[in-house]
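Chains S and L, in that order, give the protein sequences.
The numbering used here puts the first residue of the first sequence at 100, with every later residue one more than the last.
The numbering used here puts the first residue of the second sequence at 621, with every later residue one more than the last.
We treat Cβ as the ideally placed atom computed from N, Cα and C, and that holds for glycine.
As the structure is a computational prediction, the values presented were derived from the model and not from experiment.
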Amino acid sequence: MSGALRLQGQGNGCGYATGPAHVSTEPLSPRGDQVSPSLEFDSLDRAIGESVAALESLMAQTDPASADILEFQIEMLRDPVIAEMAAEQIGKGQNAAFAWVAALEEYIAGFEQSEDDDIRARAVDMIDIRDRVLRALEGMPAADFPKGSIFVGRDMAPSLFLAHDWTGGGGIALEAGSTASHVALLARSKDVPMAVGIGSFVVDPETPVLVDGDSGLVVVDPSHADIAVLAKGERTALPITRRSEPGVSGIVSRSAVELLVNISDISDIRSLDPHACDGIGLLRTEFLLSSAADLANEEKQFQLYCEMLKWADGKPVTIRLFDLGGDKPLGGFGVEERNPFLGLRGIRLLLAMPVMLRIQVRALLRAAAFGPLKVLLPMVTLPGEVEDTRRIFEEEAVVLADRHIAISMPAIGMMVEVPAAAIMLDTFGDADFFSLGTNDLAQYLTAAARDNPAVVDLYRQAAPTLLRLIAQTVAVAHDMGKPIGICGDLAGDPARLPSVIAGGIRQISVAPSQLAAVRTVLEQAGVDG
Amino acid sequence: MTEKRHGVFGGTSSVGGNASVELLITHGVGLHARPSVVFTRLAKSFPCTIEIEVNRSGLWLNAKSIVKVMGARIRKGSTLKIRAHGLRADEAIAVLEALFANDFAEERPHVRGA
Chain S
100 MSGALRLQGQ
110 GNGCGYATGP
120 AHVSTEPLSP
130 RGDQVSPSLE
140 FDSLDRAIGE
150 SVAALESLMA
160 QTDPASADIL
170 EFQIEMLRDP
180 VIAEMAAEQI
190 GKGQNAAFAW
200 VAALEEYIAG
210 FEQSEDDDIR
220 ARAVDMIDIR
230 DRVLRALEGM
240 PAADFPKGSI
250 FVGRDMAPSL
260 FLAHDWTGGG
270 GIALEAGSTA
280 SHVALLARSK
290 DVPMAVGIGS
300 FVVDPETPVL
310 VDGDSGLVVV
320 DPSHADIAVL
330 AKGERTALPI
340 TRRSEPGVSG
350 IVSRSAVELL
360 VNISDISDIR
370 SLDPHACDGI
380 GLLRTEFLLS
390 SAADLANEEK
400 QFQLYCEMLK
410 WADGKPVTIR
420 LFDLGGDKPL
430 GGFGVEERNP
440 FLGLRGIRLL
450 LAMPVMLRIQ
460 VRALLRAAAF
470 GPLKVLLPMV
480 TLPGEVEDTR
490 RIFEEEAVVL
500 ADRHIAISMP
510 AIGMMVEVPA
520 AAIMLDTFGD
530 ADFFSLGTND
540 LAQYLTAAAR
550 DNPAVVDLYR
560 QAAPTLLRLI
570 AQTVAVAHDM
580 GKPIGICGDL
590 AGDPARLPSV
600 IAGGIRQISV
610 APSQLAAVRT
620 VLEQAGVDG
Chain L
621 MTEKRHGVFG
631 GTSSVGGNAS
641 VELLITHGVG
651 LHARPSVVFT
661 RLAKSFPCTI
671 EIEVNRSGLW
681 LNAKSIVKVM
691 GARIRKGSTL
701 KIRAHGLRAD
711 EAIAVLEALF
721 ANDFAEERPH
731 VRGA
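Take a look at the structure:
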């Protein structure tokens with residue numbers, strides 16, 4: 100066994116990996132830090148400069164008539180007034196992308212509302228200019244690390260996980276963290292071996308590291324024997340996963356229990372057969388659109404949602420509004436709160452930032468014209484939050500309809516993940532459907548942070564409390580005649596699933612890697628087919 | 621040159637570095653993309669302050685900013701007032717007015733400002 104350094108943490112049950120250490124020196128969430136106005140202004144300035152340069156090279160290759168249009172766009176971008184409009188927003192604490200979109204919003208609307216066709220046509224130019232600069236802002240990704248590495252750090256930002264290509268293998272060893280955190284959720288859905296809570300240790304970059312996600316063991320500079328032990332027992336811990344390959348699909352679609360899939364990454368969709376599930380139960384938009392520029396980009400969002408609908412091929416696609424804040428401070432939001440999980444997150448943040456919300460709402464209204472799209476509101480606490488959001492959907496629908504853009508009003512449902520909402524469910528008549536988010540619900544019920552290894556046992560042992568509240572909530576939803584499903588980790592836990600079904604849940608949404616295991620349990624419970 | 625014409629009310633006036641003109645916009649396309657580029661570039665070539673006011677709104681906008689000029693949404697039938705203050709104010713107004721008279725024709729044929 101050599102004198103290798105061995106550390107024990109908690110694993111995520113996704114097998115083992117070995118590779119050279121990538122020692123993270125990054126702050127946890129580079130993009131989540133407090134917005135620095137001067138840095139934001141610099142990046143906007145750079146993005147505008149890049150856009151002008153791109154337009155100039157485009158202009159050199161076009162005929163004079165088209166060149167006029169490009170020249171006009173260049174002049175607009177070179178006008179210091181346009182940057183000053185955005186600077187005002189940046190001064191109010193907005194990041195560059197949102198400041199840019201917010202500054203142009205009213206300006207563009209002024210053109211769109213004109214009775215003159217020629218003036219209305221100018222709006223298209225402005226939208227073109229806006230989106231070009233947004234794309235330039237996007238070109239500044241977080242620092243990635245080599246494929247196949249073992250990421251070693253205190254904790255890991257979800258955006259960093261998503262930006263990395265995991266197809267070359269590799270794993271994650273975190274000094275802090277929890278198996279219930281968002282990055283752990285992502286790692287599970289991608290089957291990336293991970294160990295958390297291993298405590299502080301020092302390792303030189305490039306040193307070989309072994310991470311066993313099944314036992315939670317991390318070995319620095321492992322011997323051949325260490326690896327051989329794991330290689331022999333490879334995957335025995337996950338026999339059910341082996342059945343996950345296509346073939347058994349189709350059974351589920353006729354089941355008494357609807358089995359849907361949670362999507363956190365676009366590549367999940369590309370490797371998954373749509374017939375293996377009854378649709379998308381939860382699309383985590385904050386993970387698929389992970390940069391501030393994406394959050395501000397209506398067109399990109401619209402295309403992403405349409406792609407999901409196309410993949411689902413007529414089955415429902417439930418899209419959750421950006422659930423930012425908490426441990427997902429993407430795009431410079433959810434800034435510096437002493438207790439982010441109890442602060443401005445989910446729908447609270449969206450309603451406080453209507454510019455971002457309205458962009459997503461417009462993209463959703465447009466996509467809903469192309470298929471059975473449903474919208475899910477995160478972190479709802481009071482009925483007024485659903486009513487306010489619905490009003491924004493209605494307002495934006497009127498604006499889009501005035502512009503003769505095809506739209507459809509989607510069903511609007513809410514996450515039930517705050518105990519106050521679960522207990523008072525009967526007062527949420529404005530919601531069309533409910534989805535239980537058991538991870539947050541458990542954390543708020545137990546007052547135990549899911550990313551704190553010191554109290555994670557409390558969080559786990561409170562399952563009976565959680566199941567009792569779920570049963571009560573489901574009964575109320577049935578009385579109200581509204582559909583209720585579950586999309587938290589509880590649904591993907593084969594040991595808990597029968598109690599969930601017994602509690603009256605008939606709609607379950609799990610990570611793609613859990614589909615097969617859950618299907619097996621459903622078959623055994625006799626509620627399938 | 622096109623057959624479209626501009627109209628002038630009142631003509632120019634000049635008092636110690638101040639000049640102004642009021643025009644009735646008769647272009648079918650108003651003051652749009654291409655004309656805005658030409659207009660603001662020309663305005664920028666003068667050292668004096670130049671401002672525009674549309675339909676006697678009382679709101680004066682910097683004529684050297686294409687963002688402001690476009691935002692004014694000048695259209696056929698709009699009344700456009702241009703005023704200049706400072707060095708070469710008279711000359712600036714005369715040249716800008718001529719731009720409308722010549723239908724924004726520059727060194728090459730006028731391209732519809734769409």
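Closer than 8 Å to chain L by CB, residue i
| i | result |
| --- | --- |
| Val485/S | no |
| Glu398/S | no |
| Tyr115/S | no |
| Tyr404/S | no |
Buried or exposed (CB count within 10 angstroms, at least 16 for buried), residue i
| i | result |
| --- | --- |
| Leu716/L | buried |
| Asp525/S | exposed |
| Pro163/S | exposed |
| Phe300/S | exposed |
| Ile504/S | exposed |
| Gly276/S | buried |
| Glu397/S | buried |
| Lys688/L | buried |
| Asn722/L | exposed |
| Gly678/L | exposed |
| His323/S | exposed |
| Gly315/S | buried |
| Gly584/S | buried |
| Glu205/S | exposed |
Neighbour list for residue i in chain L, Cβ cutoff strictly below 7 Å
| i | result |
| --- | --- |
| Glu608/S | The sequence shown places Ser at residue 608/S, not Glu. Within chain L, no residue comes near Ser608/S; the closest Cβ sits about 47 Å away, beyond 7 Å. |
| Gly148/S | Ordered by position in chain L, no residue passes the 7 Å Cβ test against Gly148/S, which lies about 17 Å from the chain. |
| Gly209/S | Gly691, Arg693 |
Minimum Cβ-Cβ distance from residue i to chain S less than 8 Å
| i | result |
| --- | --- |
| Arg703/L | no |
| Gly691/L | yes |
| Lys688/L | yes |
| Val657/L | yes |
| Gly637/L | no |
| Met621/L | Low per-residue confidence applies at Met621/L: pLDDT is 33, beneath 50, and the placement is therefore not dependable, though the value from the model is reported in the following sentence. Judged by the 8 Å Cβ criterion, Met621/L is not in contact with chain S. |
Within chain S, partners of residue i - CB distance below 9 Å
| i | result |
| --- | --- |
| Ala683/L | Near Ala683/L there are no residues of chain S at all, since even the closest Cβ is about 12 Å away, more than 9 Å. |
| Thr660/L | Glu174, Asp178 |
Residue i versus residue j - alpha carbon distance
| i | j | result |
| --- | --- | --- |
| Lys399/S | Val573/S | 36 Å |
| Asn538/S | Asp224/S | 45 Å |
| Pro582/S | Gly512/S | 9 Å |
| Leu621/S | Gly296/S | 33 Å |
| Asp486/S | Val575/S | Position check: residue 486/S holds Glu in this sequence, whereas Asp was assumed. Near 20 Å, if we compare the C-alpha coordinates of Val575/S and Glu486/S. |
| Arg419/S | Ala286/S | 20 Å |
| Ile181/S | Val232/S | 12 Å |
| Asp556/S | Leu472/S | 37 Å |
| Ile702/L | Glu642/L | 6 Å |
| Gly536/S | Leu441/S | 16 Å |
| Asp364/S | Asp254/S | 20 Å |
| Gly483/S | Glu493/S | 15 Å |
| Arg654/L | Glu211/S | 19 Å |
| Gln172/S | Ile228/S | 7 Å |
| Thr417/S | Leu259/S | 25 Å |
| Pro307/S | Leu566/S | 43 Å |
| Leu456/S | Leu449/S | 5 Å |
| Gly192/S | Val479/S | 25 Å |
| Thr564/S | Asp578/S | 22 Å |
| Leu371/S | Leu394/S | 26 Å |
| Ala103/S | Ala272/S | 16 Å |
Chain L contact residues for residue i, given Cβ-Cβ distances below 9 Å
| i | result |
| --- | --- |
| Tyr558/S | Near Tyr558/S there are no residues of chain L at all, since even the closest Cβ is about 53 Å away, more than 9 Å. |
| Tyr543/S | Near Tyr543/S there are no residues of chain L at all, since even the closest Cβ is about 47 Å away, more than 9 Å. |
- Could you list the residues in the stretch 169 to 201 of chain S with a C-beta less than 7 Å from some C-beta on chain L, going in chain order? Glu170, Phe171, Glu174, Met175, Asp178, Val180, Ile181
- Which residues, in chain order, does the stretch 212 to 230 of chain S contribute to contact with chain L at a C-beta distance below 8 Å? Ser213, Asp215, Asp217, Ile218, Ala220, Arg221, Asp224
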